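Residue numbers (my numbering): 4 to 497.
Here is the structure we will look at, set down as structure tokens.
Printed below as a string of structure tokens:
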């Protein structure tokens, strides 16, 4: 069976529009969509979820109470929480934490509270100012897709980015309206991508060290990016001939060293204040145990109930003294099937709202299925024109995407089916597309979900990159009639 020739030029129907004009329209559309989202922003922070901690840490710092001080250390209205915040069940905990000078709280990484504090130092404590700043970050993220696409795939990539940016902004622009980390994380991932692509173009110790600095910046915002640095270092190590392995290792080591140097001052400060080793935050061990226990397995969700149950596995006398990682290893050793079960529901939950990843998987699977069907004589005799092939391809991918979007097909089965079909076809296109930055992001969040928690918010920060991939793949598979014509004209074996 022959393979489809990958089209490298811009599709004819959109190639007639100059890239500059397309970029201008894309930028204006992105700004307009983010502006529509911003109309719903208010000047308060929710006294719930992660927000109340981020907001209180930032306000206490701006008000001169130190960092990271948690609790009510200034009059409550100065925190700019929502009007009914005092009715929240955790309000007494906030008041109690503020007594005697507040708590030293290293549960959160420092990047986002510092970001908020910087804005509040300029504008006063106005969450609306932070939300508008986050809209600007998302504008920069969406706009960067044109450049990232060009660096990855040339003109087709730039045009894909021009289309992907507004769509991403329209779907995810609401995230700027919450005092949460997602916009800043997404921006930090763009900085990592820019630094990596810069290193790829100009490899050397300075560019490698700059890349390490972006690793550190991203990790200070959220540790859910923890596997990105080692994965990118492996990519760096893999570039070049095998004979130069030791020489190539110098540059990823330079990135790792730069990251360590950037993180060391805060790690030292936090460890001294907390009186125990702290690198970025103390959340990791707690999250590891809360999401890998008998309660979380039963609920298929976060299970902190083990902390107060003396009969819980982690509270057994022979287990309680172990390190968190050893506890989890012991837990799954006693329940071998539990690990696969937990991985399944965590991955399903984590990728549940990954609309652009679902799009990529749907089109990949549909493309491979149509290719395989055209190898059957009974299908080939009925579907021979390029238009008929294109209609079948678009229709199949649209149906699969719709079923996935409405949760009638899970992400894990969809990914498995797409991978099997692409593998049966030959697999080359899958490996061509899902490599480099996209493979790093997918690998990072897959491991984060399996090890910790399948929270959909985590993967949302990678969505701009998968929007870019979705539009680029759609260019070559769906939107260009020349691909359909080539498919119809290609010789096929049974």
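Cβ coordinates follow ideal geometry from the N, Cα and C atoms, glycine included.
If you're wondering where the values come from, they're calculated on a predicted model, not measured in any experiment.
DSSP on residue i, reduced to helix/strand/coil?
| i | result |
| --- | --- |
| residue 145 | helix |
| residue 150 | helix |
| residue 84 | strand |
| residue 357 | coil |
| residue 51 | coil |
| residue 27 | helix |
| residue 556 | Because the chain here runs from 4 to 497, residue 556 falls outside it and cannot be looked at. |
| residue 66 | coil |
| residue 255 | helix |
| residue 135 | helix |
| residue 174 | helix |
| residue 318 | helix |
| residue 225 | coil |
| residue 479 | helix |
| residue 238 | helix |
| residue 232 | helix |
| residue 283 | coil |
| residue 447 | helix |
| residue 294 | coil |
| residue 22 | helix |
| residue 403 | helix |
| residue 247 | helix |
| residue 58 | helix |
| residue 201 | helix |
In or out: residue i buried (at least 16 other Cβ within 10 Å) or exposed?
| i | result |
| --- | --- |
| residue 454 | buried |
| residue 127 | exposed |
| residue 101 | buried |
| residue 254 | buried |
| residue 300 | buried |
| residue 294 | buried |
| residue 368 | buried |
| residue 239 | buried |
| residue 20 | exposed |
| residue 228 | buried |
| residue 463 | buried |
| residue 273 | buried |
| residue 147 | buried |
| residue 296 | buried |
| residue 302 | exposed |
| residue 337 | exposed |
| residue 78 | exposed |
| residue 309 | buried |
Which residues does DSSP list as the beta-bridge partners of residue i?
| i | result |
| --- | --- |
| residue 72 | 107 |
Assuming residue i and residue j make a contact with CB atoms under 8 angstroms, what is their CB distance in whole Å?
| i | j | result |
| --- | --- | --- |
| residue 417 | residue 364 | 5 angstroms |
| residue 234 | residue 446 | 6 angstroms |
| residue 187 | residue 287 | Actually they do not touch by this definition, with Cβ atoms about 19 angstroms apart. |
| residue 458 | residue 283 | About 18 angstroms separates the two Cβ atoms, so there is no contact after all. |
| residue 88 | residue 50 | 3 angstroms |
| residue 424 | residue 375 | 7 angstroms |
| residue 394 | residue 110 | 54 angstroms between Cβ atoms; not a contact. |
| residue 53 | residue 131 | That belief does not hold up - the Cβ atoms of residue 53 and residue 131 are roughly 19 angstroms apart, past 8 angstroms. |
Segment contact flag, the stretch 469-480 with the stretch 159-179, C-beta cutoff 8 angstroms, min 3 pairs: yes
The stretch 134-150 touching the stretch 97-107, judged by at least three CB pairs closer than 8 angstroms: Flag = no, the stretch 134-150 and the stretch 97-107 do not touch.
Cβ contact (3+ pairs, closer than 8 angstroms) linking the stretch 177-193 and the stretch 155-162: As far as the Cβ criterion goes, the stretch 177-193 does not touch the stretch 155-162, which means the pair count is below three.
Inter-stretch contact (C-beta, 8 angstroms, three-pair minimum) for the stretch 56-71 and the stretch 115-125: Flag = yes, the stretch 56-71 and the stretch 115-125 touch.
Contact the stretch 402-414 vs the stretch 187-204: 3+ CB pairs below 8 angstroms: Put simply, the stretch 402-414 does not touch the stretch 187-204. Fewer than three CB pairs are less than 8 angstroms apart.
The stretch 248-264 touching the stretch 212-222, judged by at least three CB pairs closer than 8 angstroms: Because the criterion of three Cβ pairs below 8 angstroms is met, the stretch 248-264 and the stretch 212-222 touch.
Cβ contact check for the stretch 23-39 and the stretch 89-98: 3 or more pairs under 8 angstroms: no
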